[in-house]
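Residue numbers (the UniProt record's numbering), protein chains in the order written: chain Z, 1 to 238; chain L, 1 to 116.
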Amino acid sequence: MRTRDGLALVGGTGVAALLVAAFLRMPAVGEHAHVYRDLVLPAALRANTPNLVSSVNFDLRAFDTLGEETIVAAAVVGVLALLQPPDRRATPPQRGYVLPAVRFSGYLLLPVAVVLGLDVVLHGHLTPGGGFQGGVVLATGWHLLYLSGSYSALQRLRPLAWLEHAEAVATGLYVATGLTGLVVTGGFLANFLPLGRFGSLLSAGTVPLLSVLVGLEVAAGVIVLLSRFLAHGLGHAR
Amino acid sequence: MTLVSGACYGVAGWLLLLGCAGIVRSRHLVHTVVSLSVAQSGTYVLLLAIGYQSGAGAPIVVKGQQLPVVDPTVQALTLTDIVVSATITALLLALTIQIARRHGTVDPDELRALRG
């Protein structure tokens, strides 16, 4: 046993003891007192937002979501800075053998994944979902093309320059929406659009707008991020 | 403390400690990064456990919705947590690739000196 393991064992035991002491004084799981729930529910209903989680993310805590979105943008910028494309322009990656079943299910699931991603983004204020989840579904669903063995098709259908701009523009429009709220109602990221009819697609004011912007940003960001990793793994420039 | 509380809090603490143990005993940087994700997933369990209410419905209001609903605030926090975890994983994996290129090794024990 190395010294480091021994030290970690002592430290871990200490942390475990502290955790147990803390958990013993925490309220039991499943109890009825949820102060924030009692505040969020009427606020979300006033804003005609059936999905309470989206209401928290894009209305009540929209400012925190701006930070969250900026983290994603910063991570993409960080990866782009860290992983410079390799200088040598190696031979284009060879087409490996892909099982026909994998190829078939890839092409079969691609439209399903894209439609599902769009649905999760667009209905984020009505049903489970939202910009972050839908954006990730869109971005990873797009890479089914790669799993199906056609990297060249993925490269053609992946306008990286546009996606980099789309990511930045979506982040900027989020701030612009917040500033519009500031001008119209006096609160940054305040809900200033008409609230519509409860449960309809165009309702809940700025919640679906911000959700779509986040979805665009996350989808574009993740595709750009994965493109750099793929370029590295396959050893070619971009 | 009820059985459910013990299980939820226990799993949360266990995941945290298990992830930390993985980081300490790691012999491969990708393993280190995944261990960090495991440690972080303990916080998801803890947050969701805090917001849970037995017999409550999902925090989506529809016709015939079962009231009360579970706490949506901690669910939103969990979402933030997952986003942060994903971005950190991406950055750390990028750093791992850089280290592998510069030092020719991904074993943390063989990394001795800082090199630009």
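Ideal Cβ placement from N, Cα and C applies to all residues, glycine included.
Only a predicted model underlies this, so the values are computations on that prediction, with no experimental measurement involved.
query	result
Segment contact flag, the segment 197-207 of chain Z with the segment 96-109 of chain Z, C-beta cutoff 8 Å, min 3 pairs	no
Gly129/Z, DSSP secondary structure in three states	coil
Per-residue contacts from Pro42/Z into chain L (C-beta, under 7 Å)	In chain order: nothing, as chain L lies at least about 11 Å away.
Bridge partner(s) assigned by DSSP for Gln53/L	Gly30/Z
Proximity test, Cβ basis, 9 Å: Ile223/Z and chain L	no
Residues of its chain near Ala139/Z, where Cβ-Cβ distance is below 6 Å and the 5 sequence neighbours each way are ignored	Ala219, Val222, Ile223
Chain Z contact for Arg25/L (CB, 9 Å cutoff)	yes
Chain-ordered chain Z contacts of Asp71/L [CB-CB under 7 Å]	His34, Tyr36, Arg37
Inter-residue Cα distance where the pair is Ala21/Z and Gly12/Z	14 Å
Own chain, CB closer than 6 Å to Asp71/L, minus 5 neighbours either side, in chain order	Gly51
Contact with chain L by Arg197/Z, beta-carbon distance below 9 Å	no
Integer Cβ distance of Phe215/Z from Val121/Z, believed to fall under 8 Å	Per the sequence shown, the amino acid found at residue 215/Z is Gly instead of Phe. That belief holds up - the Cβ atoms of Gly215/Z and Val121/Z are roughly 4 Å apart, short of 8 Å.
Proximal residues to Arg158/Z (C-beta, below 8 Å), its chain only, five neighbours per side dropped	Trp142, Ile223, Ser227
Residue nearest to Leu19/Z in terms of C-alpha spacing, selected from Trp14/L, Val34/L, Ala21/L, Gly19/L	Trp14/L
Interfacial residues, the segment 48-61 of chain L to chain Z, with Cβ spacing under 9 Å	Ala49, Ile50, Gly51, Tyr52, Gln53, Ser54, Gly55, Ala56, Ala58, Pro59, Ile60, Val61
Beta-carbon proximity of Val212/Z to Gly124/Z, cut-off 9 Å	yes
Segment contact flag, the segment 74-88 of chain Z with the segment 176-184 of chain Z, C-beta cutoff 8 Å, min 3 pairs	no
C-alpha gap between Arg238/Z and Leu182/Z, whole angstroms	Summary for Arg238/Z: the model assigns pLDDT 48, below 50, so the residue's position carries little reliability; its value from the coordinates is reported in the next sentence. Rounded to whole angstroms, Arg238/Z to Leu182/Z spans 41 Å at the Cα level.
Whole-angstrom C-beta distance between Val56/Z and Thr73/L, which should lie under 8 Å	6 Å
Cutoff 9 Å: Thr87/L Cβ touching any chain Z Cβ	yes
Neighbouring residues, chain Z, relative to Leu29/L (Cβ below 7 Å)	Per Cβ cutoff of 7 Å: no residues; Leu29/L is ~14 Å from chain Z at best.
Any chain L beta carbon closer than 9 Å to His143/Z	no
Below-9 Å beta-carbon distance, Gly64/L vs any chain Z residue	no
Residues of its chain near Arg156/Z, where Cβ-Cβ distance is below 8 Å and the 5 sequence neighbours each way are ignored	none
Chain L within 9 Å of Ala16/Z, Cβ atoms only	yes
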